[in-house]
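First comes the structure, then the notes that go with it.
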Amino acid sequence: MENLPAETLNSIIQHFCLHCAQKEENDTYFRCRQGQPQQPEAPSWYSVEYRKPLERTDLAAEVQRVFLHPHLQNSSEFDDIEGFEGVQNLANSLGVKLSRASRPPKSPKTPKTEFQYSPEDMALFSTYSMTACCGMDSRDENIRNHVSTSGSKHRYCLAAELFAILLTRLPNIQRLSFQPNVFYSEAISKKVLLSAGTPALSLLKMLDISTRDCMTFFNLFQEAKGPISLSAASLTTLNLHMCDTFWAKARNAPPPALASLQHLSLTRSRLTAEQLSQLISSCSSGLRSFTFEAAYPYDTKWQFDLEHFHPSDAIACLEAHQETLESLHLDLRARGRNTPFTHDADTDGGRIHPAKGIQNFTALKQLLINSSSICGSSRTPDLKLAADTTRQPLAGFLPPDIITLDIVGHLGPRDSPNLEQGLVDLVKCVRGGQFRGLRRIRCDSGQGLGEEFASLFDEVSVDFSCQEWPLTESTVTDMDVPSAFGHMTSCLDDEFDDMDL
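Each residue of the sequence shown is one higher than the one before, counting from 782 in this note's numbering.
The structure is reproduced here in structure tokens:
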């Protein structure tokens, strides 16, 4: 496929996608956004012909990656007899035994005004709690109706059964990418996937999960429990984007053991120390890379860093992988403000104490970390640091075989001398025979380090320069965020725009 001319590739795709064939109506997408029903025979911007890979086993065997669009997860009413029969007929025609046990019992509709929220409903609805002070628009009302018990008992993710049927026809799938839906009734449950018998998920090597456009963060336990549980034994790479919660500790079973996981990435996310510990402790085979990028606070509970994990929490969790971890990307610039009552002796107000450094991470070669995590000054008056750790805050923190070092974020006038002195001491250590593998150092352009440091490191054959590290783009767009919630998030972004840790 990589060697095919663009014209030939486009001709092939036209047989599968109406959009590429230019046969769809231009206003179909906008009518869909307005809640107007899509006619089954009408051309659509998301129409894809699945019949060919379902019927052609040779084509199905070539498929290694599947991306499930959230618009394909819309739930169906239980009185949609035609839809249920259509799915069952498709399964029968393909020889797939589709169990009805996964379908919840049909419940009579209750009046729209009677809302009885369960704990699961409230967990899903908490993302939108900020709109309460600003009033609710029609979109918020629709979300509330769907998430409430009265609005979801008679709805079911029929499309999940179609997805399960598709997976039974793809024997060599290696990667699955999808965006969880905002409604719990539309989640791809483990029970639905098992109803069709989907051995393909047990062969997955890579799983990508990110929020859909109208969500802010997602709860991995509720929205993605099915795919995670069924592929836990084979997964080697797990990529999460905009994750707010990993696993609930009280009413749910422990997270599955990710026995083969080697690469774990969380971007634009927020986790507590306990949630981070649960996630990393489930990786039993030894991580080779770990990436975490914090997101700006979206609620008052996060605003002053009351719950987000500290840098030293991450180091403590990763100590079990110190013999295998080769790459660590710990970007906490957007975590939130530190306040005096969140300090303890180990975190030093958000800083990683040198005694809790990563000197024992013998396999670590690539490191990205915040300047404040290693060179920030203490805000705790009674904290007594050892003399050698204050003199060498950077060199006393690094692992012996480090090759590349990226220091993100810029410090204030009080703490900048700590970083500058740390870099000077690091040059002395390299000249003295330590860190023999160090080849590259990058610092944040906002720190304002001059050419003198480039010349200084050039003397010991280390490439030094400055650059910028923009945060990962959000999947939330202005068009899809409810107006009241969008206003609140924009205010938060303005408030924390100039903040750095």
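Each residue gets a CB set at the ideal place from its N, CA and C atoms; glycine is no exception.
To the nearest angstrom, how far is the alpha carbon of residue i from that of residue j?
{"i": "Arg1221", "j": "Phe999", "result": "36 Å"}
{"i": "Glu1201", "j": "Thr1053", "result": "32 Å"}
{"i": "Leu939", "j": "Arg1049", "result": "31 Å"}
{"i": "Ile1188", "j": "Cys1247", "result": "9 Å"}
{"i": "Ser880", "j": "Ser983", "result": "19 Å"}
{"i": "Phe1073", "j": "Leu1057", "result": "10 Å"}
{"i": "Phe959", "j": "Asn1020", "result": "11 Å"}
{"i": "Val1241", "j": "Leu1204", "result": "12 Å"}
{"i": "Ser1065", "j": "Arg1223", "result": "32 Å"}
{"i": "Lys972", "j": "Leu948", "result": "14 Å"}
{"i": "Ser1041", "j": "Ser1015", "result": "6 Å"}
{"i": "Ile1150", "j": "Gly1007", "result": "33 Å"}
{"i": "Ser1062", "j": "Phe1090", "result": "15 Å"}
{"i": "Ser1012", "j": "Val1208", "result": "46 Å"}
{"i": "Pro952", "j": "Gln869", "result": "21 Å"}
{"i": "Arg1069", "j": "Ser1046", "result": "11 Å"}
{"i": "Leu957", "j": "Glu1055", "result": "27 Å"}
{"i": "Ala1144", "j": "Gln845", "result": "31 Å"}
{"i": "Pro1078", "j": "Ala1038", "result": "30 Å"}
{"i": "Gly1218", "j": "Pro1180", "result": "11 Å"}
{"i": "Pro786", "j": "Val847", "result": "23 Å"}
{"i": "Gln1059", "j": "Arg837", "result": "42 Å"}
{"i": "Thr789", "j": "Asp839", "result": "20 Å"}
{"i": "Ser1154", "j": "Ile954", "result": "40 Å"}
{"i": "Pro1194", "j": "Ser1152", "result": "13 Å"}
{"i": "Pro1251", "j": "Gly1190", "result": "10 Å"}
{"i": "Ile1239", "j": "Glu1254", "result": "The residue you asked about is not Ile; residue 1239 is Asp in the sequence shown. Near 35 Å, if we compare the C-alpha coordinates of Glu1254 and Asp1239."}
{"i": "Ser991", "j": "Ser1093", "result": "26 Å"}
{"i": "Ala1097", "j": "Leu943", "result": "43 Å"}
{"i": "Leu1111", "j": "Ala1075", "result": "8 Å"}
{"i": "Ser1197", "j": "Phe1234", "result": "14 Å"}
Considering only residues of the same chain and omitting the five flanking positions on each side of residue i, which have a CB-CB separation below 7 Å?
{"i": "Cys1210", "result": "Ala1176 and Phe1216"}
{"i": "Thr894", "result": "Confidence at Thr894 is low in this model, with a pLDDT of 44, below 50, so its placement is unreliable and no value can be given for it."}
{"i": "Leu974", "result": "Ala945, Leu982, Gly1007 and Leu1011"}
{"i": "Thr1105", "result": "Gly1067, Leu1068, Arg1069 and Ala1144"}
Does DSSP put residue i in a helix, in a strand, or in coil?
{"i": "Ile1222", "result": "strand"}
{"i": "Val1284", "result": "For the chain, the structure presents residues 782 to 1282; residue 1284 sits outside this window and is missing."}
{"i": "Asp1187", "result": "strand"}
{"i": "Thr1253", "result": "coil"}
{"i": "Leu948", "result": "helix"}
{"i": "Phe998", "result": "coil"}
{"i": "Ile954", "result": "coil"}
{"i": "Gln1043", "result": "coil"}
{"i": "Thr789", "result": "helix"}
{"i": "Ile1155", "result": "helix"}
{"i": "Ile1096", "result": "helix"}
{"i": "Ile1150", "result": "strand"}
{"i": "Gln1059", "result": "helix"}
{"i": "Gln1103", "result": "coil"}
{"i": "Gln1248", "result": "strand"}
{"i": "Gln1202", "result": "helix"}
{"i": "Thr1017", "result": "coil"}
{"i": "Lys972", "result": "helix"}
{"i": "Asp839", "result": "helix"}
{"i": "Lys1209", "result": "helix"}
{"i": "Ser1197", "result": "helix"}
Leaving out the 5 sequence neighbours to the left and right, which residues in its chain are closer than 6 Å to residue i when beta-carbon positions are compared?
{"i": "Gln1147", "result": "Ser1108 and Thr1185"}
{"i": "Asp1244", "result": "Arg1221"}
{"i": "Gln1103", "result": "Asn1141 and Phe1142"}
{"i": "Pro961", "result": "Phe999, Glu1004 and Ala1005"}
According to DSSP, what are the bridge partners of residue i?
{"i": "Asp1112", "result": "Glu1074"}
{"i": "Thr1304", "result": "Coverage of the chain is limited to positions 782 through 1282, which leaves residue 1304 absent and any answer about it impossible."}
{"i": "Thr1053", "result": "His1089"}
{"i": "Cys1064", "result": "Leu1039"}
Enumerate in chain order the residues of its own chain whose CB-to-CB distance from residue i is below 8 Å, with the five nearest sequence positions on each side excluded.
{"i": "Asn1199", "result": "Cys1156, Gly1157, Ser1158, Pro1174 and Leu1192"}
{"i": "Thr1017", "result": "Lys986, Met987, Ser1041, Leu1042, Gln1043 and His1044"}
Taking only beta-carbon positions, decide if residue i is within less than 8 Å of chain D.
{"i": "Thr1143", "result": "Of the protein chains in the structure, only one exists, and it is not chain D."}
**Request:** Indicate whether the contact test is met: 3 or more Cβ pairs, each with one atom in the region 1008–1027 and one in the region 1222–1236, closer than 8 Å.
**Result:** Cβ pair count under 8 Å is below three, so no.
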